[in-house]
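Asker: What follows is a single structure, and I will ask about it in a moment.
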Amino acid sequence: MSTIRLTAAQAMVRYISAQMTEDGERFIDGIWAIFGHGNVAGLGEALERAGNALPTWRGQNEQTMAHTAIAYAKAKKRTRAMAVTSSIGPGATNMVTAAALAHVNRLPVLLIPGDVFANRAPDPVLQQVEDFDDGTVSANDCFRPVSRYFDRISRPEHLLTALPRAFRVMTDPVNCGPVTLAFCQDTQAEAFDYPASFFEPKVWRIRRPEPDSRDIADVVALIKSAKNPVLVCGGGVIYSQAEETLGAFATRHGIPVIETQAGKSALAQSHPMNFGTAGVDGSACANEIAESADLVIGIGTRFQDFTTGSWALFKEPGRKLVSINVQGYDALKHGAVGVIGDAKVSLEKISAALGSETKSAFNPQSRLDWLAKVDAHCSARTDVPEGYLPLDAEVIGAVQRTCSEKTIAMCAAGTMPGALKLLWQAPQGGYHMEYGYSCMGYEIAGAMGIKLAQPERDVVCFVGDGSYMMANSELATAVMRRVPFTVVLTDNRGYGCINRLQMGTGGNQFNNLYQNCNVEAQPAIDFVAHAAAMGAHAVKAKDISDLEAQILAAKDRAIPTVIVIDTDPMHGPGENGGGHWWDVAVPEVSERTEVNKAREGYVDALKHQNLVD
0 MSTIRLTAAQ AMVRYISAQM TEDGERFIDG IWAIFGHGNV AGLGEALERA GNALPTWRGQ
60 NEQTMAHTAI AYAKAKKRTR AMAVTSSIGP GATNMVTAAA LAHVNRLPVL LIPGDVFANR
120 APDPVLQQVE DFDDGTVSAN DCFRPVSRYF DRISRPEHLL TALPRAFRVM TDPVNCGPVT
180 LAFCQDTQAE AFDYPASFFE PKVWRIRRPE PDSRDIADVV ALIKSAKNPV LVCGGGVIYS
240 QAEETLGAFA TRHGIPVIET QAGKSALAQS HPMNFGTAGV DGSACANEIA ESADLVIGIG
300 TRFQDFTTGS WALFKEPGRK LVSINVQGYD ALKHGAVGVI GDAKVSLEKI SAALGSETKS
360 AFNPQSRLDW LAKVDAHCSA RTDVPEGYLP LDAEVIGAVQ RTCSEKTIAM CAAGTMPGAL
420 KLLWQAPQGG YHMEYGYSCM GYEIAGAMGI KLAQPERDVV CFVGDGSYMM ANSELATAVM
480 RRVPFTVVLT DNRGYGCINR LQMGTGGNQF NNLYQNCNVE AQPAIDFVAH AAAMGAHAVK
540 AKDISDLEAQ ILAAKDRAIP TVIVIDTDPM HGPGENGGGH WWDVAVPEVS ERTEVNKARE
600 GYVDALKHQN LVD
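Using numbering that gives the first Met the number 0, read the sequence shown as starting at 0 and increasing by one per residue.
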């Protein structure tokens, strides 16, 4: 048997660089790295030696580097991914939040945190966590519950089994998610005679699991007997690349489509069967359809509580629930009639069995009426009083009027996810929302990841001042790498979204807006100067008209543009209608009259919640 003598780190890099997609590209596009003790001498040496065979990029923070990688994988529809490596200790644990984000969203990323010495000779080494009762524990054990596959590489030969398992998980549509390979630092430097065949190029095919014909027959019978079914489009439609299939299915069989956060833009908002988004932050026409439906057919959705109105929207007595999902865990939730299989294949088989069966219970005009209402709500206000602060809806309208079919609107947390889900009229593929984990600080790094994945698109990043303050440093990385995108930074001087939730549940304004915080002086943060200091083109928009002009001016730049605009923190997008109840627990006992009143409403709403399968 022919062998090659390499260090474990060199072997890992060589193996990763030889794992290919069916399109002839590396599955792992490259690796983000911040070096420290635990990865600089081992992986650092190997990566420098590899050069462009596996490119290495430097970021500013381990969590946000991983966010960039995750956004890249999401924008690539899980067909490609990136890796991220860190030192041991804080460098490693910085990535745990990102691992959780990828886990919740079922997205592939390869995390390679440095780990303690396998030989334990220098214990405790710098930054080592010592467990008094378990000598096998390191800080990297924090990754276990938020990784789809976790392994600790403490022997060079462990790579022979660990790496194929890692790629199996990342390319598996059923179990796709983050992989963590905790890499002991002395093992990285240890040499081994690896089989030469281990490094031969391998093509990873992303499978399309076919559904059981009996499950298909059950769903076909349900659709035929239903009077007014509705399709709920989740992110699995996009990962399956079933967008055209869904549109054709809905049109042929006369079944309206409503969207989740992850499924939004699978169909363009202009598609005549797209009735907008469902649930708490959903449109009036979508929720009306959901409430009147006798059959709800979920496709590639987790049925998260925002979408389902905490199960007060989709589970009325007598209503049937179908869930088409590649993952059995999701397909059988809440007593659903499950179809376990790929979204595209499943829809094709159901459509073939339905033949010419069609429905017509929905009202096409309700969709047009809703879109007209959105246009009016998002238009710029005129004759406003001095000191007027624009609404988030006006900001969305300004971006909408400047966008094209190439525009992707992205966000993650705060006010804008709900506002964009409700109001953004996306072209197909023109929406990227991290709302599985809704992680503040994802936005800037995520925008860079999207642009790296789809350089031909115009990426517009919506971020609030609170989320921007959480994590903004990859703006400097985007400047260094000349990755252009536009950041619309809405400054409402605090956490406006949570402040409204606090007030909506009867609470007093407290610790959310800066004006209600325990501070000695109110902050006056100059976001324009801050962004400019990192090399971005940064401006303050005077009003909505100026915002539109600045967005248009940003399109030809080779660096990120940050446009700051002051907004009203007190008004949310749902005030235009739509929306649904959401289970947010209200205190049972309080001295505040407002809380007691909110509790009464909460108890009444619980009566409409249907949790029993």
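By construction, the Cβ of each residue, glycine as well, lies at the ideal position given by its N, Cα and C atoms. Model, not experiment: these values are computed from the prediction.
1. Helix, strand or coil: which one does DSSP assign to Ile27?
2. Less than 8 Å between the C-beta atoms of Gln254 and Gly275, yes or no?
3. According to DSSP, Pro363 sits in a beta bridge with which residue or residues?
4. Which runs of the alpha helix (DSSP H), 4 residues or longer, sit entirely within the region 217-278?
5. Out of Phe361, Thr406 and Ala418, state which residue places its alpha-carbon closest to the alpha-carbon of Cys377.
6. If we ignore side chains and look at the alpha-carbon of each, how far apart do Thr55 and His252 end up?
7. Going by C-alpha distance, which of Gln18, Arg57 and Thr20 is nearest Gly35?
8. Count the CB pairs spanning the region 278-292 and the region 359-379 that are closer than 8 Å, and state whether there are at least three.
9. Pull the bridge partners of Tyr193 from the DSSP assignment, please.
10. Shortest alpha-carbon distance to Trp423 belongs to which of Ser264, Gly299, Glu547 and Ala138?
11. How is Asn324 classed by DSSP in three states: helix, strand or coil?
12. In the structure shown, what three-state DSSP assignment does Cys141 receive?
13. For Val39, which of Phe182, Ser1 and Tyr601 has the nearest alpha-carbon?
14. Just curious, the beta strand (DSSP E) that Val295 is in, first and last residue?
15. Could you give the first and the last residue of the continuous beta strand (DSSP E) run that contains Ser309?
16. For the region 93-107 and the region 60-68, state whether three or more C-beta atom pairs, one from each stretch, are separated by less than 8 Å.
17. Please state whether DSSP places Thr560 in a helix, a strand or coil.
18. Which whole-angstrom value is the C-beta distance of Thr186 and Arg154, which I expect to be below 8 Å?
19. Have a look at Lys319, Ser403 and Leu605 and flag the residue whose alpha-carbon is nearest the alpha-carbon of Trp581.
20. Short check: CB of Ala425 to CB of Ala408, under 8 Å?
21. Taking 8 Å as the threshold, find out whether the region 519-534 comes into contact with the region 477-491 through three or more Cβ pairs.
22. Considering only the beta carbon of each residue, do Pro228 and Ile296 sit closer than 8 Å?
23. What did DSSP end up calling Ile111 once you bin it into helix, strand or coil?
24. Applying the criterion that 16 or more other CB atoms from any shown protein chain within 10 Å of the CB defines a buried residue, is Pro177 buried or exposed?
25. Please confirm whether Gln184 and Phe116 have their CB atoms less than 8 Å apart.
26. Can you look up Ser162 in the DSSP assignment and give me helix, strand or coil?
27. Where do the ends of the alpha helix (DSSP H) carrying Asp185 lie?
28. Would you give the residue range spanned by the alpha helix (DSSP H) that Met409 belongs to?
29. With 16 as the cutoff for other CB atoms within 10 Å, does Gln521 come out buried or exposed?
30. Specify the secondary structure class of Cys460 as computed by DSSP and reduced to three states.
31. Suppose you measure from the CA of Val83 to the CA of Leu370; what does that come to, to the nearest Å?
32. Starting from the Cα of Val236, find the closest Cα among Ser291, Val325, Val202 and Arg167 and give me that residue.
33. Tell me the start and end of each unbroken alpha helix (DSSP H) in the region 30-110 that is at least 4 residues and wholly inside, in chain order.
34. Could you give the first and the last residue of the continuous alpha helix (DSSP H) run that contains Ala540?
35. Could you please give the first and the last residue of the uninterrupted alpha helix (DSSP H) stretch that includes Leu488?
36. By DSSP, does Pro316 sit in helix, in strand, or in coil?
Answerer: Straight from the coordinates:
1. In the sequence shown, residue 27 corresponds to position 28, counting from 1. In this structure, Ile27 counts as strand in the three-state DSSP scheme.
2. Position 255 of the sequence shown holds residue 254. Position 276 of the sequence shown holds residue 275. The question names Gln, but residue 254 in the sequence shown is Ile. Using a Cβ distance threshold of 8 Å, Ile254 and Gly275 do not count as a contacting pair.
3. As a working note, residue 363 is residue 364 in the sequence shown. DSSP, once it has assigned bridges, lists no residue as partnering Pro363.
4. 234-238 and 242-252
5. Here residue 377 refers to the residue found at position 378 when the sequence shown is read from its first residue. The shortest C-alpha separation from Cys377 is found at Ala418.
6. One-based indexing of the sequence shown puts residue 55 at position 56. One-based indexing of the sequence shown puts residue 252 at position 253. For Thr55 and His252, the distance between alpha carbons rounds to 49 Å.
7. If you number the sequence shown from 1, residue 35 lands on position 36. Among Gln18, Arg57 and Thr20, the Cα nearest to that of Gly35 is on Arg57.
8. Enough Cβ pairs lie closer than 8 Å, so yes.
9. As a working note, residue 193 is residue 194 in the sequence shown. BP columns for Tyr193 point to Ile3.
10. The sequence position of residue 423 within the sequence shown is 424, counting from 1. Nearest of Ser264, Gly299, Glu547 and Ala138 to Trp423, Cα basis: Ser264.
11. The residue labelled residue 324 in the question sits at position 325 within the sequence shown. In this structure, Asn324 counts as strand in the three-state DSSP scheme.
12. Stepping through the sequence shown from its first residue, residue 141 is reached at position 142. Helix at Cys141.
13. In the sequence shown, counting from the first residue as 1, residue 39 sits at position 40. Residue Phe182 is the option with its Cα nearest to Val39.
14. Locating residue 295 in the sequence shown gives position 296, where the first residue counts as 1. Where Val295 is concerned, the enclosing beta strand (DSSP E) stretches over Leu294 to Ile298.
15. The residue you call residue 309 lines up with position 310 of the sequence shown. Unbroken run through Ser309: none, as it is neither H nor E.
16. yes
17. Position 561 of the sequence shown, counting from 1, holds the residue named residue 560. In the structure shown, Thr560 sits in a strand (DSSP, three-state: E or B).
18. Position 187 of the sequence shown holds residue 186. Position 155 of the sequence shown holds residue 154. About 6 Å separates the CB atoms of Thr186 and Arg154; that is less than 8 Å, so the two are in contact.
19. Stepping through the sequence shown from its first residue, residue 581 is reached at position 582. Considering only alpha carbons, the answer is Leu605.
20. Within the sequence shown, residue 425 is the residue found at index 426, counting from 1. Within the sequence shown, residue 408 is the residue found at index 409, counting from 1. At a Cβ-Cβ threshold of 8 Å, Ala425 and Ala408 count as neighbours.
21. Contact between the region 519-534 and the region 477-491 is present, because at least three Cβ pairs lie under 8 Å.
22. Counted from its first residue, the sequence shown places residue 228 at position 229. Counted from its first residue, the sequence shown places residue 296 at position 297. Cβ atoms of Pro228 and Ile296: closer than 8 Å.
23. Counting from 1 along the sequence shown, the entry for residue 111 is found at position 112. Looking at Ile111 - three-state DSSP - the assignment turns out to be strand.
24. Locating residue 177 in the sequence shown gives position 178, where the first residue counts as 1. Classification of Pro177: buried, given that the 10 Å Cβ count is 16 or more.
25. Counted from its first residue, the sequence shown places residue 184 at position 185. Counted from its first residue, the sequence shown places residue 116 at position 117. In this structure, Phe116 lies closer than 8 Å to Gln184 by Cβ.
26. Against the sequence shown, residue 162 aligns to sequence position 163. Here residue 162 is Leu; the residue named in the question, Ser, does not match the sequence. If DSSP states are grouped into helix, strand and coil, Leu162 belongs with the helices.
27. Within the sequence shown, numbered from 1, the residue matching residue 185 stands at position 186. Counting along the chain, the alpha helix (DSSP H) containing Asp185 begins and ends at Gln184 to Ala188.
28. As a first step, residue 409 must be located in the sequence shown, where it is residue number 410. Met409 -> not in any alpha helix (DSSP H); beta strand (DSSP E) instead, spanning Thr406 to Cys410.
29. Within the sequence shown, numbered from 1, the residue matching residue 521 stands at position 522. Counting every other CB atom within 10 Å of its CB across the protein chains shown gives Gln521 a total below 16, marking it as exposed.
30. Position 461 of the sequence shown, counting from 1, holds the residue named residue 460. Strand.
31. Against the sequence shown, residue 83 aligns to sequence position 84. Against the sequence shown, residue 370 aligns to sequence position 371. Rounded to the nearest angstrom, the two C-alpha atoms are 42 Å apart.
32. Position 237 of the sequence shown, counted from the first residue, corresponds to residue 236. Comparing Cα positions, the closest option is Val325.
33. 42-49, 61-74, 89-92 and 95-104
34. For the purposes of this step, residue 540 is identified with residue 541 of the sequence shown, where counting begins at 1. Run containing Ala540: none; DSSP gives neither H nor E here.
35. As a first step, residue 488 must be located in the sequence shown, where it is residue number 489. No alpha helix (DSSP H) holds Leu488; the beta strand (DSSP E) holding it covers Thr485 to Asp490.
36. Position 317 of the sequence shown, counted from the start, is the residue given in the question as residue 316. Collapsing the DSSP output to three states places Pro316 in coil.
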